[in-house]
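Asks:
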Amino acid sequence: MTETATAPLTGKTLLAKVKELSTLPRRERAKQCGYYTVTKNSQVRVNLTDFYDALLSARGIPLSPEAPKDGRGREPTYRVSVHQNGQIVIGATYTKAMNLKPGDEFEIRLGYKHIHLIQLGESDKQLIQSDDADESDAEE
Numbered sequence: 000m001t002e003t004a005t006a007p008l009t010g011k012t013l014l015a016k017v018k019e020l021s022t023l024p025r026r027e028r029a030k031q032c033g034y035y036t037v038t039k040n041s042q043v044r045v046n047l048t049d050f051y052d053a054l055l056s057a058r059g060i061p062l063s064p065e066a067p068k069d070g071r072g073r074e075p076t077y078r079v080s081v082h083q084n085g086q087i088v089i090g091a092t093y094t095k096a097m098n099l100k101p102g103d104e105f106e107i108r109l110g111y112k113h114i115h116l117i118q119l120g121e122s123d124k125q126l127i128q129s130d131d132a133d134e135s136d137a138e139e
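Just so you know, we're using numbering that gives the first Met the number 0 here: the sequence shown kicks off at 0 and counts up by one.
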């Protein structure tokens, strides 16, 4: 069995002790602060991981996010790929983030290694519809 000889220091006492022992190597500092165990073979094992975790929490740096994830769903990657049929599909996550509604229209502008999607406003849509009507009249 392993046993801890002393209770490990935490908080401000840990920070003060680490500052006091700043000349010692890191393993010795961790051991002096109580972050070690003694095995049944009387070997001393220094637990640097717990020591560093305690140091970070003593300095006020959170190690884990506040709200745990529920494990469902996926994170958006902000990347798209061209499908086998040649189409690019932008998912619902991105359209919600941009507050897009069904029927919103975009002008596509191609650049060097990029594509700009420029959202058309109501006035732009009316201009395009009138241009389409003029073209159909010219064809007749």
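For every residue, glycine included, the Cβ atom is placed at its ideal position computed from N, Cα and C. Please read all numbers here as calculations on a predicted model, not as lab measurements.
Relative to the alpha-carbon of Ser142, which residue among Ser21, Ala29, Val45, Leu13 has its alpha-carbon at the smallest distance?
Replies: An answer regarding residue 142 cannot be provided, because it is not within the stretch 0 to 139 covered by the chain.
Asks: In the DSSP assignment, find the unbroken beta strand (DSSP E) run with Tyr35 in it and report its ends.
Replies: Counting along the chain, the beta strand (DSSP E) containing Tyr35 begins and ends at 35 to 37.
Asks: Could you check where the alpha helix (DSSP H) with Gln31 kicks off and where it finishes?
Replies: Run containing Gln31: 25 to 31, per the alpha helix (DSSP H) assignment.
Asks: Restricting to Cα atoms, I'd like to know which of Asn84, Leu20, Tyr77, Val37 is closest to Ala6.
Replies: The shortest Cα separation from Ala6 among Asn84, Leu20, Tyr77, Val37 belongs to Val37.
Asks: Near Leu23, what residues of its chain come up, given a Cβ to Cβ distance below 8 Å and the 5 sequence neighbours on each side ignored?
Replies: Answer for Leu23: Gln31, listed in chain order.
Asks: Could you give the DSSP three-state label for Glu104: helix, strand or coil?
Replies: Glu104 falls in the coil class under three-state DSSP.
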